[in-house]
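K.L.:
Okay, so the sequence shown: first residue is 468 according to my numbering, each after it adds one.
Yeah, the Cβ is synthetic: ideal placement off N, Cα and C, and Gly gets one too.
Below are the structure tokens for one structure; questions will follow.
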Amino acid sequence: MAFPERRPRRLRTTPAMRRLVAETRLSVDDLVAPFFVKEGLDAPEPVLSMPGVAQHTIESVTLEAKALVALGVPSIILFGVPLVKDESGSGADRADGIVQTAVRAIRDAVGDSLVI
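Take a look at the structure:
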């Protein structure tokens with residue numbers, strides 16, 4: 468079989484289509500750092516089933532967020548671990564809930580970084 472004289476590039480005629488079929492590129496801008504924030508902690512506690520992951524206090528997650536922003540990581544996602552849970556998740560929308568408090572502290576510390 469001979470090499471084709473003309474290469475069919477019909478799918479790559481526009482810049483938008485070329486972006487769509489291009490190789491995957493991953494950069495620091497695509498990263499989202501996960502954090503667990505737990506009520507009632509005095510110091511971060513490691514999560515034994517996930518090596519390298521810890522449940523943080525408000526203070527420790529704020530320090531970690533500052534360090535990540537300095538490294539260029541643009542976003543973090545918070546998972547709250549409240550002291551009291553119920554079937555309806557009523558603590559999720561409390562103004563003084565663990566996630567809400569952590570979001571305020573992180574925004575005060577790092578400014579306009581995206582907190583999910």
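1. Just grab the DSSP bridge partners of LYS505 for me.
2. Going by CA-CA distance only, name the one from PHE470, GLU490, LEU581, SER527 that's closest to VAL540.
3. In whole angstroms, what separates the C-alpha of VAL551 from that of GLY564?
4. Classify ALA569 as buried or exposed, calling it buried when 16 or more other Cβ atoms lie within 10 Å of its own Cβ.
5. Assign GLU506 to one of two classes, buried (16 or more other C-beta atoms within 10 Å of its C-beta) or exposed (fewer than that).
6. How would you call VAL566, buried or exposed, if buried means at least 16 neighbouring beta carbons within 10 angstroms?
7. Would you kindly work out how many angstroms separate the C-alpha atoms of ARG561 and LEU545, rounded to a whole number?
8. Compute the Euclidean distance between the alpha carbons of GLU512 and ALA572, then round it to the nearest angstrom.
9. Evaluate contact between the stretch 521-537 and the stretch 494-506, counting only Cβ atoms and requiring at least three cross-stretch pairs below 8 Å.
10. First and last residue of the alpha helix (DSSP H) that includes ALA532?
11. Residue range of the alpha helix (DSSP H) that VAL488 falls in?
P.N.:
Taking the structure as given:
1. For the purposes of this step, residue 505 is identified with residue 38 of the sequence shown, where counting begins at 1. Paired residue(s): VAL548.
2. Your numbering for residue 540 matches position 73 in the sequence shown. Ranking PHE470, GLU490, LEU581, SER527 by Cα distance to VAL540 puts LEU581 first.
3. As a position in the sequence shown, residue 551 is number 84, starting the count at 1. As a position in the sequence shown, residue 564 is number 97, starting the count at 1. Their backbone Cα atoms lie some 11 Å apart in a straight line.
4. Position 102 of the sequence shown holds residue 569. Buried, by the Cβ-count rule.
5. One-based indexing of the sequence shown puts residue 506 at position 39. Buried is the call here.
6. For the purposes of this step, residue 566 is taken as the residue at position 99 of the sequence shown. Around the beta-carbon of VAL566, 16 or more other beta-carbon atoms lie within 10 Å, marking it buried.
7. Indexing the sequence shown from 1 puts residue 561 at position 94. Indexing the sequence shown from 1 puts residue 545 at position 78. Those two C-alpha atoms are separated by around 15 Å.
8. Within the sequence shown, residue 512 is the residue found at index 45, counting from 1. Within the sequence shown, residue 572 is the residue found at index 105, counting from 1. C-alpha separation (whole angstroms): 19 Å.
9. yes
10. What you label residue 532 is simply residue 65 of the sequence shown in a count that begins at 1. Here the alpha helix (DSSP H) through ALA532 covers 525-538.
11. Looking up residue 488 in the sequence shown gives position 21. Here the alpha helix (DSSP H) through VAL488 covers 482-488.
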